[in-house]
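Here is the structure we will look at.
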DNA sequence: ATGGACATGTAATTTGTTACATGATTGC
DNA sequence: GCAATCATGTAACAAATTACATGTCCAT
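Residue numbers (our numbering), protein chains in the order written: chain P, 1 to 216; chain W, 217 to 432.
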């Protein structure tokens, strides 16, 4: 039982696509990722897919062959090997699960909300809610398409999760609207002229507090 | 009103830290990011913070000076300029908001859940729930530390959001537990020997369906 | 005076994107 | 025949992390 090589999750995602035992081209994988994995992990560029496939082939996790049939130019299709199937299976269950990576631009802007007018911030949140609705609509379409095949039972689980995720995200956003007003009021009460009531060095005390509490 | 330069959100986040009008060093910013922005956007490496600060200074958005006092070696502290404050203010409100970037390793593993035993998958989800609880606990500590200062009203909004986010994430995970069992049953019913019931080329039909429905 | 935490930074590497080139197929 | 789209790939670049080097402060 040899050790698994250190690969970024993206590599494993590509290998996972091949793990459904179909011969797939890079193009296929990109498209599939867009409408399935893309809702919770990954929507890579074509070029990254192609280079990941090369790496997987070099590792012996996939084989490729030139596909000729209807006369398509250089369509190269990949197939998972036994070693590849075993590796991705082990990765899925053995490797440590990191907390999700989240980069939430809306929250970043609210975090520095004192710089701007609260009405504009609220409009941004409303736009964001509309965006979530649109994503959810697209997901309903995508999930509907995958509804039949029993082999896709697990992808369907993740798509159901994504539906609930979009709904949760929407609710969280709606609660923000009131809190933005509250924060703004706190700010103008403590400093009616609009300047920030800065307490020099205060954040250092806070850091000390945090460290004390955790015991680091 | 000149155009804003194209900068990654990370740059704006650093500038946003300076936007609280305190002189901060790279080290300060990294620590602050860890316990505040880190809960929804960003937990960068020291080295990235340092290079972003250099970029911001080159752009005229910040100035720096060598800080000598208690005799610390090379402590360099940065301060935002008027141009910097105006730029980050405009960025926050003018630049398009992208959907959040999410990379959810647990869901990726469930997506390829047919490769593994459902009991192991469920254990992974349970571990994840515990992880969310731990993050939430840390957040309570961090947020408690920031509770007093009125200047931090908006950071507090984001921390409250993060608390609700962790709770929502926990609930979503709990619903997964039942769905994993369901998916597994669907799979063994359609193919009791454990091999995947693959329908060659079926995913292509699905892609066609998706495209047809969206009208792209 | 010495080990460890604090603090700053550079260099090398990896990950991932955008821009570009190019050929094949399909519909008009 | 020609434009649009499909499909594959390379090259250049940007973003971000890890590894490393180094100096300072503080407690013992």
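Cβ atoms here follow ideal geometry from the backbone N, Cα and C, with glycine treated the same way. Small disclaimer: the values here were computed from a predicted structure and weren't measured.
TODO: Assuming residue 352 (chain W) and residue 379 (chain W) form a contact by the criterion Cβ under 8 Å, report the distance between their Cβ atoms to the nearest whole angstrom.
DONE: 6 Å
Open item on the list: Am I right that residue 229 (chain W) and residue 266 (chain W) are in contact with their C-beta atoms under 8 Å? What's the rounded C-beta distance?
Closed with: In fact, because the Cβ distance is near 14 Å, the residues do not count as touching under 8 Å.
Open item on the list: Among the candidates P:23, P:46 and P:24, whose CA atom is the shortest distance from the CA of residue 34 (chain P)?
Closed with: P:46
- [ ] If I'm right that residue 176 (chain W) touches residue 88 (chain P) with Cβ under 8 Å, what's the distance once you round it to whole angstroms?
- [x] Given that chain W is displayed from residue 217 to residue 432, the structure contains no residue 176 (chain W) and the question cannot be resolved.
Open item on the list: Quick check: the Cα distance between residue 307 (chain W) and residue 388 (chain W), rounded to an integer number of angstroms?
Closed with: 33 Å
Open item on the list: Distance cutoff 9 Å, beta carbons only. Does residue 109 (chain P) sit that close to anything in chain W?
Closed with: yes
TODO: Show which residues of chain P have a CB atom less than 7 Å away from the CB atom of residue 406 (chain W).
DONE: Below the 7 Å Cβ cutoff, chain P contributes 150 as neighbours of residue 406 (chain W), in chain order.
Task: residue 97 (chain P) versus residue 386 (chain W) - alpha carbon distance - done: 15 Å
Task: Span of the alpha helix (DSSP H) around residue 267 (chain W) - done: 262-274
Task: Opening and closing residue of the beta strand (DSSP E) in which residue 404 (chain W) lies - done: Careful: residue 404 (chain W) lies outside any beta strand (DSSP E), inside the alpha helix (DSSP H) at 369-406.
Task: Beta carbon of residue 161 (chain P) nearer than 9 Å to that of residue 345 (chain W) - done: no
Task: 3 or more residues per run - each beta strand (DSSP E) lying fully within the stretch 69-140 of chain P - done: 76-80 and 101-103
TODO: Please name the residues in the stretch 349-374 of chain W whose beta-carbon is closer than 8 Å to at least one beta-carbon of chain P, in chain order.
DONE: If the cut-off is 8 Å between Cβ atoms, the stretch 349-374 of chain W has 351, 354, 357, 358, 360, 361, 362, 365, 366, 367, 369, 370, 371, 372, 373 and 374 near chain P.
Task: CB of residue 321 (chain W) within 9 Å of CB of residue 297 (chain W), strictly - done: no
- [ ] Return the first residue and the last residue of the beta strand (DSSP E) that residue 63 (chain P) is part of.
- [x] Looking at the DSSP string, the run of the beta strand (DSSP E) that includes residue 63 (chain P) is 62-66.
Open item on the list: Tell me which residues share the same chain as residue 85 (chain P) and place their Cβ nearer than 7 Å to its Cβ, disregarding the 5 neighbours each side in the sequence.
Closed with: 19
Open item on the list: Contact criterion: CB-CB distance below 9 Å. Does residue 256 (chain W) meet it with respect to chain P?
Closed with: yes
Task: Residues that residue 412 (chain W) contacts on chain P, provided the C-beta gap is smaller than 7 Å - done: Within 7 Å Cβ-Cβ: 20, 21 and 151.
Task: CB contact below 9 Å: residue 409 (chain W) versus chain P - done: no
TODO: Determine, using beta carbons only, whether residue 59 (chain P) comes closer than 9 Å to chain W.
DONE: Not a single CB atom of chain W sits nearer than 9 Å to the CB of residue 59 (chain P).
Open item on the list: Measuring only the C-alpha atoms, how far is residue 180 (chain P) from residue 188 (chain P)?
Closed with: 13 Å
- [ ] Using a Cβ-Cβ cut-off of less than 7 Å, list which residues of the stretch 306-332 of chain W approach chain P; keep chain order.
- [x] 308, 309, 313, 314, 315, 316, 317, 318, 319, 320, 321, 322, 323, 324, 325, 326, 327, 328, 329, 330, 331 and 332
TODO: Taking C-beta pairs closer than 8 Å, name the residues in chain W that residue 127 (chain P) reaches, listed in chain order.
DONE: 313
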